[in-house]
Amino acid sequence: MKKTKRFKKNTKGSKYSKLSLFQKPDLKYKSCPLSGKDAPKIDYKNLKLLKRYLSDSGRIMPTRVTSVSAKKQKEMANSIKRARILALI
Amino acid sequence: MNNYEHTFITKQDLSDNQTKSLLNKYQDIINKNSGKVLITEEWGLRNLSHIIKNNKKGFYFHFKFEGIGKTVEELEKAENIDDSLIRYLTVRFKKLDLETKYFDKKDYY
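Protein sequences appear in the order of chains A and B. Residues in the first sequence are numbered consecutively from 0, following numbering that gives the first Met the number 0. Residues in the second sequence are numbered consecutively from 0, following numbering that gives the first Met the number 0.
Below is the structure:
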């Protein structure tokens, strides 16, 4: 009983106050923001969504920055290129 | 039957009657070549993000239609010759989304 209480105290504090070896580390990778149930639909007409995944100079952002899954990144790249053909972006 | 989306951009200096006749002309081409137009959208005059053939602005028109390969072939054959068009794009979809309209609101400008 006492042990579990101490555990809780540790997790509540900041990440520098880690003491226990058995504590789980913080998650290193974010999950994909475009997969899942309520994810927005990728479309070449949805400019608001596409602009979020472009850099300031208009280049496509890499997966290691945005953590989009490989399947969705391919869809995203295709729809950005379609929007470029129509001079929307 | 396949599902397609088609968008074309016309030049800026056309009158209302000219753009409407263009729209009717391409609708007729689709309907005659064993296709069927489901929805037409007008996105209005928009700024192009980069200059294409010395044009800075253009009128956007958008079709959603059913058809076969020959429908698209005939449509693009007619558009290739047309001088008043800047650019066009045809995309094939497994399922068409007929409800959401991305270019209704003014804040997309």
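Glycine included, every Cβ here is placed at the ideal spot set by N, Cα and C. Small disclaimer: the values here were computed from a predicted structure and weren't measured.
Residues of chain B whose Cβ lies closer than 9 angstroms to the Cβ of residue 79 (chain A) do not exist; the shortest such Cβ separation is about 12 angstroms. Between the stretch 18-28 of chain B and the stretch 57-74 of chain A, the count of Cβ pairs shorter than 8 angstroms is below three; the stretches do not touch.
Apart from sequence neighbours up to five positions away, the residues of its chain that approach residue 29 (chain A) with a beta-carbon distance below 6 angstroms are 66, ordered along the chain. In the structure shown, residue 1 (chain B) adopts extended strand secondary structure according to DSSP, grouped into three states.
Judged by DSSP in its simplified three-state form, residue 59 (chain B) adopts strand.
For residue 59 (chain A), no Cβ of chain B is located within less than 8 angstroms of the residue's own Cβ. Counting the other Cβ atoms within 10 Å of the Cβ of residue 42 (chain A) gives 16 or more, which makes it buried. Secondary structure note for residue 67 (chain A): it is in no alpha helix (DSSP H), with a DSSP letter that is neither H nor E. What residue 88 (chain A) touches in chain B, judged by beta-carbon distance under 9 angstroms, is 48, going in chain order.
Using a Cβ-Cβ cut-off of 8 angstroms, residue 84 (chain A) counts as an interface residue toward chain B, since at least one Cβ of chain B sits closer than that to its own.
Taking 8 angstroms as the cut-off, the beta carbon of residue 44 (chain B) is found closer than this to the beta carbon of residue 58 (chain B).
Residue contact check for residue 44 (chain A) against chain B: a CB pair falls below 8 angstroms. For residue 91 (chain B), no CB of chain A lies under 8 angstroms from its own CB, so it is not counted at the interface with that chain. Proximity of chain A to residue 8 (chain B) at the Cβ level (cut-off 8 angstroms) is accounted for by 85 and 86, in chain order. Among the CB atoms of chain A, one or more fall inside 8 angstroms of the CB of residue 101 (chain B). By the Cβ-count criterion, residue 49 (chain B) is exposed, with fewer than 16 other Cβ atoms from all chains shown falling within 10 Å of its own Cβ.
For residue 88 (chain B), the nearest beta carbon of chain A is closer than 8 angstroms to its own beta carbon.
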